[in-house]
Each structure stands twice: as C-alpha cells, then as structure tokens.
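All remarks here apply to the structure that follows.
There are 2 protein chains.
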Amino acid sequence: MSTPFPPLAYEPSYRRVAAAIAARIHARALRDGEPLPPETELASQFAVNRSTIREALRELESEGLVERRRGTKRMVVTRPGAGHVAGRVGHALALQDVTIREVWETLTIVEPPLAELAARARQAPGLEAVRAAVDAFEASGADTARAVDEVGAFFRAVASAGGNRVLRLAQEPLLLLLQSALRVMIDRVPQARARIASAQRRILAALEARDAETARTWMLKHVRDFRRGFEVAGIDLDTRVPHPGEAQ
Amino acid sequence: MSTPFPPLAYEPSYRRVAAAIAARIHARALRDGEPLPPETELASQFAVNRSTIREALRELESEGLVERRRGTKRMVVTRPGAGHVAGRVGHALALQDVTIREVWETLTIVEPPLAELAARARQAPGLEAVRAAVDAFEASGADTARAVDEVGAFFRAVASAGGNRVLRLAQEPLLLLLQSALRVMIDRVPQARARIASAQRRILAALEARDAETARTWMLKHVRDFRRGFEVAGIDLDTRVPHPGEAQ
DNA sequence: GGCGGCCCGATTGTCGGACAATCGTATCAT
DNA sequence: ATGATACGATTGTCCGACAATCGGGCCGCC
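As they're listed, the protein sequences go chains S and W.
One gets my numbering by counting positions in the first sequence from 1 and adding 1090 to each.
One gets my numbering by counting positions in the second sequence from 1 and adding 1090 to each.
As structure tokens, then:
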C-alpha cells in the first residue's frame, strides 16, 4: 500500500495574504497597537489588487487580529480579546444544538475549582471585584437584563481572582450560554434571585476567609441551584440552549 | 447626573450584510449544507456592490458559517466545527502569552471529571475509539509528530466517550496548546512515552470496568505526569506556551 | 506661547465594469 | 446507458473612480 496523495490544495490570494499577515502577528513581528500599513501600500507590497487586500483584512478583522478603533481610520494590530473569542465559541455551541444540560454539567465541573483557585490566590484586588459584583446583583432588583448580566459578572470576577487566563477564557462562552438560558428562567422562579444572592454572599465570605474548601462546595451548590431553577421553571434540561443575543 | 450618551456607532455595509446573513443562519432559516445564493444575486438583493458582498462573505467564511467545499464553486452554509473554533481559541490564548502552567492547571481541572463522565457513559462505541488511540500511541514509536498527535487523540476519544459536547469543545484548544508544548518536551524526556502509555492503559481499563473513581484518579495522575515531564525537560512552567503550528 | 479654527492630503468605504479560469449541466455521439 | 463535448454561470482577481472623513499642518487670535 502506498501513502495516499494529499489533495492538491489551491488557496486563493486573499487567504494567502491573510495568512502572511497573521503569521507576522503571531510571530510578534507586528505587535499589539501597531498601525497596519495602508491598503494601497499593502497592495503594492503583496503585488495584488486593493480589493484582494481588503478581503484579507476582513478575514483578519473577523479573527480579532486587527481592528479599527472607534472613530479612527487606520487599522491597528490587536490581540483577540476574551469577549471576541467567547462570542464566536458561544455561537458555535448554540449552532451545534448543545443542550442546557451540557452547559450546566460543564459549569459544575469548571466553577468549583475556579472558586478554590480564587480562595488560594494572594491578591486582594480581585476580591474587590467579586464584592462589587455581589452588591450589583442585589441592587439590580427586578431589572431582569441587569440581574442576568450581574450573574455573569460574579462568575467572571471569581475567575479573574483565580488568575488563570485559560480558565477565564474557557468559562466565558459558558457564561454567555448560561445567561441566555437564564434570561428565560429567572423571571419564572420567584425565589431565584434570593437564592443566587445568598450563595454569592457565602462564596464571597469564603473567599475573604481564604477558605478554599468552603468556596468550592458553595460554588457547587450555587451551580446546582441553577439546575433546580430550570426544573422549577419547567424548562427541560435537554432542550437546546437559546441562541445568545447580540448584546455584548 | 444624566445617563451618558452611547457612542453613535456606524457599521460599514459589509458588516451589516454579514450580520444579516449570520442572523439567518443562527435562526436556522439557512441550514447546514444549503448552498448560498451567488454573489451577484446577493448583491442585487442587498442592493450593494459585489465587492461589498465578497467582503461580507470573507467575514462569514472566517467565522466558519460558510465554506466552499473542496473543488466546488458555490459556497455552502455550515456550522463552525470543533477544529475551526479550537484553532481560533488556541491562537488567541497563545497571543495572550498564556503560560504552560495555566494550560496544565486547566487540564488538571477539566480532564479528571471528563474521565469520570466517560466511565459512567453507557455506550461502548466510544470506548473503541479510546482503545484505538491507546494502540496508536504505542505504535507511534519514535515518530515524535505522530506520538504527539496520538496523545491528543486519546484525550479527544475520552472526551467523546463522555458525550458532553461543550466539554469536548472546551478541551480542544487546551489540547492544541498542550501538543505544541509537548512537541518540545517529549524528546527530552526518555521515560515520557512509557509513562504516557502506562497511564493510558490504566485509564482505558478503568473505563472498560466502568470504574469512575479509578478513571478519575488515574487521569489526574496522567495529567500531573505532564508537569513532571516539563520539569525534567528543564522547561519553566511559567514560560509562555509555544504558538500552535499550522498543522491541523 | 498656547489654543482654537480652517484647509488639504491621505485613507477608507463603496461603486461600476471587466476578464480569465473553471465548475455545472445540458447536449450529443457511440 | 455511457462517455465526450460545448456552453452558460460563477468565482477570483484586476482596474479605475469618487465621496466621506480622518489626521495633521498652518494660521490667526488671545
């Protein structure tokens, strides 16, 4: 048996241009904040038409590698931010018809260790953000949109306090999906707000006391409570998660 | 105090076109596999120039929402696949100068529960893939590239057996980064291959026996062993993870 | 000397048209 | 039916053009 021939791949110019620029960014030859050369110059450097350059730029833009800052003209090199990447992953998961159960199950796995990490972390400033998130949730009152946002902010703050950027980024799409499911659930469950607030306070207290064990177990209870919430609201856990809205 | 005015945002046409098409895909009005209308028709429908449509298409293409299948001309609607999304996230993490420690720490958190899930899963077919991955790793011998690939394949197979697509997708970028770090490490640590193979066999045995507890603990040992490997290889855990290559 | 307003070149967003390569398909011959 | 051929449709790439506006320099004024 001979090794099969690889399919001979033709790449259109716009993609090769995009790949060439992306490679420079990855190699740090083009760095964060640096302005990109104007389209006409890129066109003459690559010896292609400006239209081709523009198509390549759209690709890079959509990857979050370049962006044009608000009210400015030249594009600048940038590193894809957490929000940008998370949005993509969230959309992808929603399109895969992922169920609420799968999202929730993942949260039960990821969040408790995150709380534990945060409890062990040394810096105080991270805790300040957690405290602010807890207060903001209680202050959100009957404003559904705000309450849901603040639930996410709480998890984000805890993750940030933990100091692991990989975990924080991994968590981000989960929060997007949780929030979009939560928007439907929270107003159907009268006691939801009180239970969330109570759990958040307990977790905060554990973090302040550097009690990793308590932080972990309470975070687990907190996440489990969401499952209870969906059940009480009559939402089948095996329905697919609602598509995350465009609000960012 | 009055509420501050929101920045008045102008969106260029190509982005609004892309958003309009993306919305239809998200709403399932355009479904997986369906061919997109030709560019000229899209141009006349949106009443914009074909160049504008093409820029929008590059954006959608880069999001994995449309693709042109090999050797064909029309573009078809598609759902962003795991590999596609994972690549993006992997690049983003690498650009954020994430450290090997952060990746490894995340693996210690994510993988053991994944093994536990796989052990509890009812279907046998998933196990077949795990068995194949274990065999393939041992068969890879001194071929570094293949060995590294098979390490990833093992984790992927376990995750698939667990049946949680969210976890599987979350794991994917981690594997990309682990692999790119592993490529440097594995040949510097003589006993690495043997230890990996041994751990994989133990985990496989536990999965076959439906022993969730053993699967979890051995998976934890397996992941911890990678850390040991980096230390033995003299690789500082706090260096940033090498950028994942273009191989897919 | 610092500050605000004005003007001009540079750059981007969008348009129109053009053409070669090639993919899909209908037609035709065997 | 099967295989070869021819034609229209579609994409990739190019060229040129123009309005809007951003950035920066220049100037006058306090």
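Even glycine gets a Cβ: it sits at the ideal position worked out from N, Cα and C.
None of the values given here were measured: they were computed from a predicted structure.
Those residues of the region 1298-1323 of chain W placed with their C-beta closer than 9 Å to a C-beta in chain S do not exist.
Looking at W/T1329, W/P1263, W/A1229 and W/I1276, the one whose alpha-carbon comes closest to that of W/F1245 is W/P1263.
In terms of Cα proximity to S/H1333, the closest of W/F1095, W/A1117, W/R1105 and W/S1103 is W/A1117. For S/Q1186, the neighbours in chain W by C-beta distance under 7 Å run, in chain order, R1169 and R1255. By the Cβ test, the region 1248-1265 of chain S is not in contact with the region 1152-1166 of chain S, since fewer than three Cβ pairs between them sit closer than 8 Å. Residues of chain S whose Cβ lies closer than 8 Å to the Cβ of W/V1175 are, in chain order, R1178, V1179 and A1182. Beyond the five residues adjoining it in sequence on each side, S/P1202 comes within less than 7 Å, by CB distance, of R1306, M1309 and L1310 in the same chain, given in chain order. W/H1181 sits away from W/G1154, with the two beta carbons spaced by 8 Å or more.
Residues of the region 1135-1159 of chain S whose Cβ lies closer than 9 Å to any Cβ of chain W, in chain order: S1141, R1144, E1145, A1146, L1147, R1148, E1149, L1150, E1151, S1152, E1153, G1154 and L1155.
Inter-residue distance for S/A1299 and S/R1210 is about 10 Å (C-alpha atoms, whole angstroms). In the DSSP assignment, the residues bridged to W/P1125 are W/V1166.
With 16 or more other Cβ atoms inside 10 Å of its own Cβ, W/D1239 counts as buried. The region 1182-1189 of chain S makes contact with the region 1255-1275 of chain S: 3 or more CB pairs, one atom from each, lie closer than 8 Å. Rounded to whole angstroms, S/T1198 and S/F1316 show a C-alpha spacing of 10 Å.
Non-local C-beta neighbours of S/A1219 in its own chain, meaning closer than 6 Å and more than five positions away in sequence, comprise A1247, ordered along the chain. Around the beta carbon of W/G1252, a 10 Å sphere encloses 16 or more other beta carbons of the protein chains shown; the residue is thus reported as buried.
In this structure, S/V1138 and S/V1107 form a Cβ contact; the two beta carbons are roughly 7 Å apart against a cut-off of 8 Å.
For the pair W/E1157 and W/E1151, the CB atoms are nearer than the 8 Å cut-off. Under the Cβ criterion of 8 Å, S/A1260 is counted among the residues facing chain W. Its chain contains V1166, V1167 and T1168 as the residues whose beta carbon lies nearer than 8 Å to that of W/G1123, once the 5 sequence neighbours on both sides are disregarded; these appear in chain order. Inter-residue distance for W/Q1281 and S/R1221 is about 47 Å (C-alpha atoms, whole angstroms). Here W/L1126 is buried, its C-beta having at least 16 other C-beta atoms within 10 Å. For S/P1215, the enclosing alpha helix (DSSP H) begins and ends at P1215 to A1229. For S/V1188, there is no enclosing alpha helix (DSSP H), as DSSP gives it neither H nor E. Approximately 24 Å separates the beta-carbon atoms of S/L1327 and S/L1257; this is outside 8 Å, ruling out the contact. W/E1195 places its beta carbon 8 Å or farther from that of W/A1287. The Cβ atoms of W/A1237 and W/V1331 do not sit closer than 8 Å to each other. Distance from the CA atom of W/A1109 to the CA atom of W/P1102, rounded to whole angstroms, is 11 Å.
For W/V1156, DSSP records a beta bridge to W/V1167. The C-alpha of W/R1159 lies about 15 Å from the C-alpha of W/R1148.
When W/D1277, W/L1217, W/Q1261 and W/Q1213 are compared, the shortest CA-CA separation from W/A1232 is found for W/D1277. Linking W/A1323 to W/M1275 through their CA atoms gives a straight-line distance of about 6 Å.
At a cut-off of 8 Å between C-beta atoms, W/E1218 does not count as an interface residue with respect to chain S.
Relative to the Cα of W/G1319, the nearest Cα in the group W/V1224, W/A1271 and W/E1192 belongs to W/A1271. With respect to the 8 Å criterion, W/Q1135 and W/V1224 are not classified as neighbours on the basis of their beta carbons.
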